[in-house]
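Asker: What the sequence shown shows, in the working numbering, is residues 2 to 199, in sequence order. By construction, the Cβ of each residue, glycine as well, lies at the ideal position given by its N, Cα and C atoms. Just so it is clear, the structure is predicted and the values come from calculations on it, not from any experiment. Sending over a structure as structure tokens; questions will come in a sec.
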Amino acid sequence: MELSTLFLLAFIGAITPGPDMLLIMRNTLVFGCMQGIKVFSGIASGCIIYLCVIYFGFGYILSGEIAQIILSVFGALYLMYIALMLFKKSATHMTFKNAQNAPDTYIKALFVNLSNPKAILFFSVIITPFVQVNLLMSLFMLFCGLSSAFFVVILLATYFRHIICDKVFYIIDKICAALFICFSFLLFYHAYSIMLGL
């Protein structure tokens, strides 16, 4: 029962809107399934790093105030950078032919995941109490739940990609850029509220 609960908790936590899910959805819609999988591999690598931190008993480090501030500020700046790159893209770049090669997708996804306070809080605060009994099996079920949510979004985005025109791809980029800006402001606010509490 605990393992199925952990799987469901991970699935719901991953599929709710956030920078990770938005990046996977946007890259799959614009660049295709393989780019969505590359983004997933970067996010999955970040999740594995967090799982290793939990496995070796260092979860308290992630929930520390200084770590939260540093990661929130870094994450906010990085999301702003991604948003600016999306805003600068012109409609002429939004064709299937030019969209086949998305540079450094893996690294971008890894940085977004590692600097995402939602992921940090999810792993260090919400998940840690559930993984005490059978640690390795719990971490495996957790990873399966997270991966399942991301693959569901990749499959859905791949399907809908074929019925969307280039102009809509351009609009999707602008919407994603605006959402990344919103997420970055939320991260700055998160860091500021922690500093007020120090």
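Ala110: which of Ala158, Thr29, Gly65 sits nearest, CA to CA?
Answerer: The sequence position of residue 110 within the sequence shown is 109, counting from 1. For the residues Ala158, Thr29, Gly65, the minimum Cα distance to Ala110 belongs to Thr29.
Asker: Just checking my contact of Ile25 with Phe41 at CB under 8 Å: how many whole Å lie between their CB atoms?
Answerer: Here residue 25 refers to the residue found at position 24 of the sequence shown. Here residue 41 refers to the residue found at position 40 of the sequence shown. Rounded, the Cβ-Cβ distance is 6 Å, consistent with contact.
Asker: If you draw a straight line from the alpha carbon of Val154 to that of Met22, how long is it in whole angstroms?
Answerer: The count along the sequence shown starts at 1 and reaches residue 154 at position 153. The count along the sequence shown starts at 1 and reaches residue 22 at position 21. Distance between the alpha carbons of Val154 and Met22: 8 Å.
Asker: Taking Phe112 as part of the alpha helix (DSSP H), name the residues at either end of that continuous run.
Answerer: Locating residue 112 in the sequence shown gives position 111, counting from the first residue. Unbroken alpha helix (DSSP H) run through Phe112: 106-115.
Asker: Mind checking Ala120: buried by the 16 CB within 10 Å criterion, or exposed?
Answerer: Residue numbering aside, residue 120 sits at position 119 when the sequence shown is read from its first letter. Under this definition Ala120 is a buried residue.
Asker: If we call anything under 8 Å between Cβ atoms a contact, is Gly146 one with Leu7?
Answerer: Numbered from its first residue, the sequence shown carries residue 146 at position 145. Numbered from its first residue, the sequence shown carries residue 7 at position 6. Cβ distance < 8 Å, so Gly146 and Leu7 count as in contact.
Asker: Given a cut-off of 8 Å, decide if Ala84 and Ala178 are closer than it, judged by their beta-carbon atoms.
Answerer: Start at 1 with the first residue of the sequence shown, and residue 178 comes out as number 177. Start at 1 with the first residue of the sequence shown, and residue 84 comes out as number 83. Their beta carbons are under 8 Å apart, which means Ala178 touches Ala84 by this criterion.
Asker: Using the three-state DSSP reduction, which class does Thr159 fall into: helix, strand or coil?
Answerer: Indexing the sequence shown from 1 puts residue 159 at position 158. Three-state result, Thr159: helix.
Asker: According to the neighbour-count rule (16 or more other Cβ atoms, all chains shown, within 10 Å of its Cβ), is Ile164 buried or exposed?
Answerer: The residue labelled residue 164 in the question sits at position 163 within the sequence shown. Classification for Ile164: exposed.
Asker: Give the straight-line distance between the Cα atoms of Val88 and Ile182, rounded to the nearest whole angstrom.
Answerer: Locating residue 88 in the sequence shown gives position 87, where the first residue counts as 1. Locating residue 182 in the sequence shown gives position 181, where the first residue counts as 1. With the sequence shown as reference, residue 88 is identified as Phe, and Val is not the correct amino acid for it. Straight-line Cα distance between these residues: approximately 11 Å.
Asker: Would you report the Cα separation of Leu10 and Leu115, rounded to the nearest angstrom?
Answerer: Within the sequence shown, residue 10 is the residue found at index 9, counting from 1. Within the sequence shown, residue 115 is the residue found at index 114, counting from 1. So the alpha carbons of these two residues sit roughly 20 Å apart.
Asker: For my contact list, Pro20 and Val169 are in at a C-beta cut-off of 8 Å; report their separation, rounded to the angstrom.
Answerer: Residue numbering aside, residue 20 sits at position 19 when the sequence shown is read from its first letter. Residue numbering aside, residue 169 sits at position 168 when the sequence shown is read from its first letter. Their Cβ separation, rounded to whole angstroms, is 22 Å, which puts Pro20 and Val169 out of contact at 8 Å.
Asker: May I ask which residues mark the beginning and end of the alpha helix (DSSP H) holding Thr6?
Answerer: The residue labelled residue 6 in the question sits at position 5 within the sequence shown. Segment 3-16, the alpha helix (DSSP H) holding Thr6.
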